[in-house]
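Chains as they are written, first to last, in the numbering used here: chain C, 1 to 489; chain S, 1001 to 1170.
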């Protein structure tokens, strides 16, 4: 038996659509998603929350409540980015507690917590807090390919997560670099360590065309669940498609709870959403060893590379993209192989850009990189190149820093008295994460949803759209029992 | 998809069919007529004269430019213009990179420096944000801030003058 965790509404849009899927588009799929037989459906993440507020001017709390209302049979889970939570600073335990309580109040039942440095100290409190609120907690191990990230290293992380009291362990490969054989060896080691005390969940992006191999091995090794998405929100930088992985599960003789008809209908519906939103449907890529080798050096996520291109274009040095990426490989190694997820991918990418633009390495160092090398975010996975350390510190001495001391800080009372009163804790959190201007803009511009938007049936949609055409004289259409003629004026 | 029993309704036409037909209809603007049969689907269309064909073009243009980038929103040029006719003895602090320039450590906080302030070479005079990462900009020389040329929270180009400092004597 293998469970499926759906990422059609979260990882798919985040990896392929710059997180721009609207609440209305999501609600159009809730009936089918809810009867698909998923173990859980991922409802949101820090990126989704921020994009909803900043760009879509939609209330992300309202979205979560609506998703729960219209998918009453499937538990909703939430992806949590370490101590950044849904913002960009490192927040103390009391903010974790408040956020989790608000999430729980929307009907969410599970949090999946990852830390980009795999520093379990950063997220141990999250599991305690989740448990005290009755939320299920998945502790994620974030995979990376580097000399530091050995099977042994990950086994150690699994041990720490178990000690921190997680309900299950997630193995996540956001860069899509896990091959079949590496998945096999890693899962075997993890199984030996975990000994069935908690289930092991699996998720990987299909970026390199390897996800079918890694999912196959993960399922063979007894992964309790795998994360997938409906076809139009799958593949490329996203997770593989539900139906593709279901086919592999069936080949392996693993039973599932999936309802194929519901999943097909969900896929079909999102083809229409994608067309309206002018989103391309990712083809399944095949593994290409050259591409793998080029990517494995810097491991900068695809979403960030497109951002990068824009930046380099602005600077008029887009022709030096390859140089910047090669530099990113060096920077990544020099600063101890942080995993290339938010915010560490930014540290590496931006530093590489500075190094190339300025022609002198580490001449300008963003404050965040300074904080990173001095342990503000937790322990870097590997040692930092001493020469680079000198250049970053510029002769300043490092105070021995125990960043965990700040976890017990209390700042909410002051924030409330300085900025309040707030109508709700939800509002307070939005202002804490994104600032007053964003909250005010959201309140001014958001349109409350009075009822669930109607989803028109395909025939109606087709006729509607064709009727708007301005260049046609006649049109004749026939398929099955559907037949119509248009004569335009 | 709305009614509870909708799963029992078998529709022979899918959204994917709809998308396919619309694509064909919209991507065949240069064809006067078209006849197509794919599987059990048949589509034929004819088009009127060339004038209407042209009318369709602006639609595509609008969607292509509909999403403004952050960079194109904030015009930096008027700020730069002030920089002319300067005392050559003054030191210009220039932006080390493209990004959003901030004059204070956080919104609402007092600015790092104002005109007339005396600064040391490694004093912070502002922050530049690139992709959510903040770099500090230092004065570079000791002296007195004579002019602040870049506005707060506005995009600055690489090497754009931010402030002018009259170096301290000796």
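We put the beta carbon where it would ideally sit given N, CA and C, even for glycine.
Predicted model only: the values in this text are computed from it and were never measured.
- From the beta-carbon of residue 480(C), the residues of chain S found nearer than 8 Å are 1012, 1013 and 1040.
- Contact annotation: in the region 1118 to 1145 of chain S, residues whose CB is within less than 7 Å of a CB in chain C are 1130, 1131, 1132, 1133, 1134, 1135 and 1136.
- Shown in chain order are the members of the region 1152 to 1166 of chain S whose Cβ falls below 7 Å from a Cβ of chain C: 1158.
- About 31 Å separates the beta carbon of residue 82(C) from that of residue 258(C), a gap too long to meet the 8 Å contact definition.
- Proximity of residue 434(C) to chain S, defined by a Cβ-Cβ separation below 7 Å, is not satisfied.
- Taking CB atoms only, residue 1088(S) has no neighbour in chain C less than 7 Å away.
- For the options 155(C), 118(C), 97(C) and 64(C), the alpha carbon positioned closest to that of residue 128(C) is the one of 97(C).
- Taking each of 137(C), 122(C) and 7(C) in turn and checking the Cα distance to residue 167(C), the smallest one comes out for 137(C).
- At a C-beta separation below 7 Å, residue 356(C) has no neighbours in chain S, since its nearest C-beta there lies roughly 11 Å away.
- Given a length threshold of 3 residues, each whole run of the beta strand (DSSP E) inside the region 47 to 134 of chain C is given here in chain order: 76 to 81 and 110 to 114.
- Taken through DSSP and simplified to helix, strand or coil, residue 385(C) comes out as coil.
- Unbroken alpha helix (DSSP H) runs of no fewer than 4 residues, entirely contained in the region 204 to 242 of chain C, are found at 211 to 220, following chain order.
- By the Cβ test, the region 23 to 32 of chain C is not in contact with the region 245 to 257 of chain C, since fewer than three Cβ pairs between them sit closer than 8 Å.
- Looking at the DSSP output, residue 1036(S) shares a beta bridge with 1043(S).
- Of the other Cβ atoms in all chains shown, 16 or more fall within 10 Å of the Cβ of residue 461(C); this residue is therefore buried.
- Under the 7 Å criterion on CB atoms, residue 474(C) is classed as interfacial with respect to chain S.
- In chain order, 273 place their CB closer than 6 Å to the CB of residue 25(C), counting only its own chain and leaving out the 5 sequence neighbours on each side.
- Around the beta carbon of residue 212(C), 16 or more other beta carbons lie within 10 angstroms, which makes this residue buried.
- One alpha carbon belongs to residue 394(C), the other to residue 1138(S), and they sit about 14 Å apart.
- Collapsing the DSSP output to three states places residue 436(C) in a helix.
- Contact between residue 169(C) and residue 141(C) holds: CB atoms are separated by about 6 Å, below the 8 Å threshold.
- Straight-line spacing of the CA atoms in residue 160(C) and residue 381(C) works out to 15 Å.
- Pairwise C-beta distances place the region 194 to 209 of chain C in contact with the region 285 to 303 of chain C, as three or more of them are shorter than 8 Å.
- Fewer than three Cβ pairs drawn from the region 465 to 479 of chain C and the region 88 to 97 of chain C lie within less than 8 Å of each other, which leaves the two stretches out of contact.
- Beta-bridge annotation (DSSP): residue 483(C) is paired with 478(C).
- Separation of residue 485(C) and residue 453(C) (C-alpha to C-alpha, rounded to the nearest whole angstrom) is 29 Å.
- Residue 349(C) sits in a helix when the DSSP states are folded into three classes.
- Under the three-pair Cβ rule at 8 Å, the region 223 to 230 of chain C counts as touching the region 199 to 206 of chain C.
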